[in-house]
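Report on the following structure.
2 protein chains.
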Amino acid sequence: MHAIAFIQDLAVIMLVAGMVTILFHRFKQPVVLGYIVAGFIIGPHTPPFELIHDEETIKTLAELGVIFLMFCLGLEFSLAKLFKVGATAFIAAFLEIVLMIWIGYEIGSYFGWKTMDSLFLGAILAISSTTIIVKALSDLKMKNERFAQLIFGVLIVEDILGIGIIALLSGIAVSGSVETGEVFATVGKLTLFMIVALVIGILLVPRLLAYVAKFESNEMLLVTVLGLCFGFCLLVVKLEYSMVLGAFLIGAIMAESRQLMQIERLIEPVRDMFSAIFFVAIGLLIDPKVLVEYAWPIVVITLAVVLGKMVSCGLGAFIAGNDGRTSLRVGMGLSQIGEFSFIIAALGITLQVTSNFLYPVAVAVSAITTLLTPYLIRAADPLSIKLAKAMPRPLARVFGYYGDWLRSIQPQGQSAVLAGMIRKILLQVMVNLALVVAIFLGSAYFAGTLAEYLSEWVASPNLQKALIWGGALLLSLPFLIAAYRKLKALSMLLAEMGVTPDKAGRHTERVRKVIAEVIPLLSLLGIMLLLMALSASILPTLELLVLIALLAAGVSALLWRWLIRVHSRMQIALMETLEQSQDQHHR
Amino acid sequence: MHAIAFIQDLAVIMLVAGMVTILFHRFKQPVVLGYIVAGFIIGPHTPPFELIHDEETIKTLAELGVIFLMFCLGLEFSLAKLFKVGATAFIAAFLEIVLMIWIGYEIGSYFGWKTMDSLFLGAILAISSTTIIVKALSDLKMKNERFAQLIFGVLIVEDILGIGIIALLSGIAVSGSVETGEVFATVGKLTLFMIVALVIGILLVPRLLAYVAKFESNEMLLVTVLGLCFGFCLLVVKLEYSMVLGAFLIGAIMAESRQLMQIERLIEPVRDMFSAIFFVAIGLLIDPKVLVEYAWPIVVITLAVVLGKMVSCGLGAFIAGNDGRTSLRVGMGLSQIGEFSFIIAALGITLQVTSNFLYPVAVAVSAITTLLTPYLIRAADPLSIKLAKAMPRPLARVFGYYGDWLRSIQPQGQSAVLAGMIRKILLQVMVNLALVVAIFLGSAYFAGTLAEYLSEWVASPNLQKALIWGGALLLSLPFLIAAYRKLKALSMLLAEMGVTPDKAGRHTERVRKVIAEVIPLLSLLGIMLLLMALSASILPTLELLVLIALLAAGVSALLWRWLIRVHSRMQIALMETLEQSQDQHHR
Chain A
1 MHAIAFIQDL AVIMLVAGMV TILFHRFKQP VVLGYIVAGF IIGPHTPPFE
51 LIHDEETIKT LAELGVIFLM FCLGLEFSLA KLFKVGATAF IAAFLEIVLM
101 IWIGYEIGSY FGWKTMDSLF LGAILAISST TIIVKALSDL KMKNERFAQL
151 IFGVLIVEDI LGIGIIALLS GIAVSGSVET GEVFATVGKL TLFMIVALVI
201 GILLVPRLLA YVAKFESNEM LLVTVLGLCF GFCLLVVKLE YSMVLGAFLI
251 GAIMAESRQL MQIERLIEPV RDMFSAIFFV AIGLLIDPKV LVEYAWPIVV
301 ITLAVVLGKM VSCGLGAFIA GNDGRTSLRV GMGLSQIGEF SFIIAALGIT
351 LQVTSNFLYP VAVAVSAITT LLTPYLIRAA DPLSIKLAKA MPRPLARVFG
401 YYGDWLRSIQ PQGQSAVLAG MIRKILLQVM VNLALVVAIF LGSAYFAGTL
451 AEYLSEWVAS PNLQKALIWG GALLLSLPFL IAAYRKLKAL SMLLAEMGVT
501 PDKAGRHTER VRKVIAEVIP LLSLLGIMLL LMALSASILP TLELLVLIAL
551 LAAGVSALLW RWLIRVHSRM QIALMETLEQ SQDQHHR
Chain B
1 MHAIAFIQDL AVIMLVAGMV TILFHRFKQP VVLGYIVAGF IIGPHTPPFE
51 LIHDEETIKT LAELGVIFLM FCLGLEFSLA KLFKVGATAF IAAFLEIVLM
101 IWIGYEIGSY FGWKTMDSLF LGAILAISST TIIVKALSDL KMKNERFAQL
151 IFGVLIVEDI LGIGIIALLS GIAVSGSVET GEVFATVGKL TLFMIVALVI
201 GILLVPRLLA YVAKFESNEM LLVTVLGLCF GFCLLVVKLE YSMVLGAFLI
251 GAIMAESRQL MQIERLIEPV RDMFSAIFFV AIGLLIDPKV LVEYAWPIVV
301 ITLAVVLGKM VSCGLGAFIA GNDGRTSLRV GMGLSQIGEF SFIIAALGIT
351 LQVTSNFLYP VAVAVSAITT LLTPYLIRAA DPLSIKLAKA MPRPLARVFG
401 YYGDWLRSIQ PQGQSAVLAG MIRKILLQVM VNLALVVAIF LGSAYFAGTL
451 AEYLSEWVAS PNLQKALIWG GALLLSLPFL IAAYRKLKAL SMLLAEMGVT
501 PDKAGRHTER VRKVIAEVIP LLSLLGIMLL LMALSASILP TLELLVLIAL
551 LAAGVSALLW RWLIRVHSRM QIALMETLEQ SQDQHHR
């Protein structure tokens, strides 16, 4: 009976994992490490005998563990939080990731590893471990201090950038090359996909969940959540992105639902079960022989992680305007690698582009840096005091000036309000344009299928194209009009600010009006050209295009108010969902 | 990538299950039926195309669903509840199961099916569906009425007897024959195993769970619970019982833990996920062609289930002393088959003793009877009024007399207290003896391994045997002494009651004393003979046996008080656990 072997595997995994984690907990070490050690104990590389029969099924379940881990990360993520963490988090995370990828790549090259191994090593080192940090900070009872809040901000940005790294690595592994143009195209497409998925998802999913929640059945809600989660992962895979991305995105979408707390409560046991299997499966892969063979690289990489992250995150925090002590604490708190590294290492194996030793090396480095984390956090304060004493006076003064200068250039009072408004308008324009671009890309993608349907009524391919293109334009109209109106508001604002009476004298009003009219029209023209480039494959002949444009203009003129109303209703629905969920995120 | 096919399967299962169950919920039908219909839709027998790629993995996960279902059934079970439900539940459940197995067997034989098919059909029809009944009664808001409480009692006894049926069927399927002696041996061994597992389990598991719960980590508690659950299932499988039995037993053991509520909250989402897969997997097996081909048997079996259960359960409830109306409501409430039937049908397939058509037939009958359940419950009251009117006067009077007679023979006042005491003592003796029997059977089972260890020090096989047998006796001493003391108390009680001064005159005291001494000694002698028979394979020579017996007597005399203290400490620990958990079972 196949099932008995499977139950036996599960029994061994859970029993050993349970015992080891209890031991680890007693000695105040993270549970995650316990799982990995448990996997190592029952793994094929350690005596006395092979305890796992069906490694293939366990690995499949471990994949589910990754999905649930990323899904829960998404649930804990929130757009509102992302907007709040501000510059510090962005700068520190970006600096950290770029620097660590570079350091990792250089280390790999130094040891003479394959290009792909070095690249993946860089990616493995790039992202710190949320679980480990949360665990360490709550053990040390420092969760509510300012530097801890900064660390959480950096982690959120890291998650987003990490998703991007995974998408990029998948692309590079498939194509086998790194080209700047390709990178930009990948990042662009990824951003587009994420914006569209988030907008559509936040419009639909929380409403569906609220409907199911009305039945007051935990079971139905869970099945719906799992269906949406796996279904979305599948969609993302069909679009040739990683499942991990899908799980994170659908989690972030559900984070905006009113049922968030209930979903978290229901999904947590499921995640705990499968993530335990995931971490044990990591331990299964550890071969002590590999660890001995690669002892030297492991030491070097561990040092690189600790020092590299300390410097890059600390520097990032400092550049963004924090004092030296806080910056050092942020840097030392982030000095480890964890679950994201395992996911990236697993990606390399799945895509068959990395060597076998990379995974165990990553696990070993993660284990050592995880063990170091609490000591590093505790050592940050004494170290900052020592550093401050040892620093030469002039250097300290320069650092002080930097902080003062930074504060002086920050927009204050009215200009801060204005800057906020401009940022908000630009964001709205971007979201609307992203939706338009998605509509056109989508029509181009489905043009073949659509043309086949249309061929029953319309014979000429040109007319078919015209109909498809026209349909896409019609669908885009509400978003185009909204973008145009936002841009107009923005240019009026800019005209008001830029063209002052003491510069333009009595022409002030006229110049302002011209600027306020010309900028949005020009940008709209630019957008249309971009759209045409994007939808080159379904572009009809010029005459038809002019005809469509005229038609669209006519429709816009006739339905202007109605289109605006449609758009604003969507926008209100979106904002309501976001605000409702924001009330819930009091965590 | 294998994992993507797997995720796709899960996505399809959860999405379709989610949609269908929402539809079913809207039309007030049980969610379980929705799952089965969802499985039917995505199954291989329905167009448009095969939606599941890896049926094998799904079936393995469905096995997990069975384990979690039975585990949760065990969690909801409680020994205290079992003792409370009393005679009604036992009589009704026993009558129902015997009658339904017979009816099922006869129907199978009538249609000319194989003996094994007929036997499994009987077992499939024997047990009603807890989930369906709970759902229907709470929908009808009748959960707290008296007849509903009786139904729940019957369901608890059914679960226990059902576990026995599964063990018996497995035995019969392997040996291929039904012999009375074998049946008794199987039931005896099963009872023994259950008692020993419960006593040891309740002594150890709640303590372990309380220890883990101190760490206040849901994750660790869940992993421990899962480890114990799978580990115990594995142990049970090694002893050649069904995994289902193991899951139920370990659930019943954990039901006595203080962490019960927490465990239920953690395990519910996991159960919901896997039981959804289980029910969908059932739907996958439905082949419409089989349903059409077996339409006639399905109709006959459905009628047999409804009428048979109505009569057997109703009669059982009536015999146990309930009025006609309540009895009819109990009978009509239990008129369906459900998850237990699927488990038994699946057992037949796994053991490869039943034909392929049996499973879909069982599912079809279950679906129809499930749909009928709420209507039957609602129809019970009008029907009982009509029956009462239509019944001839004399018959009604006979029924009335039966009730009066039953009430008159029930022990009242002091004799009721005495009956309760005797019952309690007998139960304690039985538990102690079961443990002794288990120790001897265990030593006989492991004699080979033990002898190998001993052979390093002791050469003679006879001496080895003597050591093993003596060790078993030593281990049993506390339980033997406890059983002896309970028996002594019982015989004193009986002597006090049976030998009254008006019968024995001035010899009263002496006769009482003789009876109080002789009965326990005789029963102890009987026990020893039984033990020797059970441990025939490890029995040493007579001289050694006498030596051991003398030694044991010496040890008993020397350590009498200490042995009693050891035993009473264990008993107190057990009782405390049971009482603590009883406070929690306020559901």
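Chains A and B, in that order, are what the protein sequence lines are. Quick note: the first sequence uses the UniProt record's numbering, first residue 1, plus one each step. Quick note: the second sequence uses the UniProt record's numbering, first residue 1, plus one each step. By construction, the Cβ of each residue, glycine as well, lies at the ideal position given by its N, Cα and C atoms.
Residues in the same chain with beta-carbon distance under 7 angstroms from residue i, minus the five sequence neighbours each way, listed in chain order, please.
i: F318/A; result: G324, S327
i: V212/A; result: M220, L221, T224
i: C72/A; result: G251, I267, R271
i: S312/A; result: L95, E96, L99, M100
i: T180/A; result: none
Can you check whether the CB of residue j is closer than 7 angstroms to the CB of residue i?
i: L334/B; j: V429/B; result: no
i: I166/B; j: V244/B; result: yes
i: H25/B; j: F215/A; result: yes
i: V16/B; j: I52/B; result: no
i: K465/B; j: A281/B; result: no
i: R286/B; j: G65/B; result: For the record, residue 286/B in the displayed sequence is Ile; it is not Arg. Going by C-beta atoms, I286/B is not nearer than 7 angstroms to G65/B.
i: M70/A; j: A247/A; result: yes
Please check if any C-beta of chain A sits within less than 7 angstroms of the C-beta of residue i.
i: I7/B; result: yes
i: F193/B; result: no
i: L266/B; result: yes
i: E240/B; result: no
i: D272/B; result: yes
i: C233/B; result: yes
i: T449/B; result: no
i: T500/B; result: no
i: G34/B; result: no
i: F83/B; result: no
Pick helix, strand or coil for residue i, following the three-state DSSP scheme.
i: Q336/B; result: coil
i: R258/B; result: coil
i: H586/B; result: Low per-residue confidence applies at H586/B: pLDDT is 45, beneath 50, and the placement is therefore not dependable enough to give any value.
i: residue 650/A; result: Outside the shown range of chain A, which is 1 to 587, sits residue 650/A, and nothing can be said about it.
i: T217/A; result: Looking at the sequence provided, one finds Ser at residue 217/A rather than Thr. Three-state result, S217/A: coil.
i: I127/B; result: coil
i: Q352/B; result: coil
i: Q29/A; result: coil
i: S568/B; result: helix
i: E145/A; result: coil
i: T180/A; result: helix
i: A472/A; result: helix
i: D54/A; result: coil
i: V499/A; result: coil
i: L490/B; result: helix
Any beta carbon from chain B within less than 7 angstroms of residue i's own beta carbon?
i: M14/A; result: yes
i: M261/A; result: no
i: H53/A; result: no
Can you name, in chain order, every residue of its own chain whose Cβ lies under 6 angstroms from the Cβ of residue i, other than the five neighbours on each side?
i: G104/B; result: L121, G122, L125
i: G171/B; result: T186
i: F479/A; result: N432, L435, V436
i: L155/A; result: T130
i: L168/A; result: T186
Give every residue of the same chain whose Cβ lies closer than 8 angstroms to the Cβ of residue i, excluding the five residues on either side of it in the sequence, and list them in chain order.
i: L383/B; result: L328, M332
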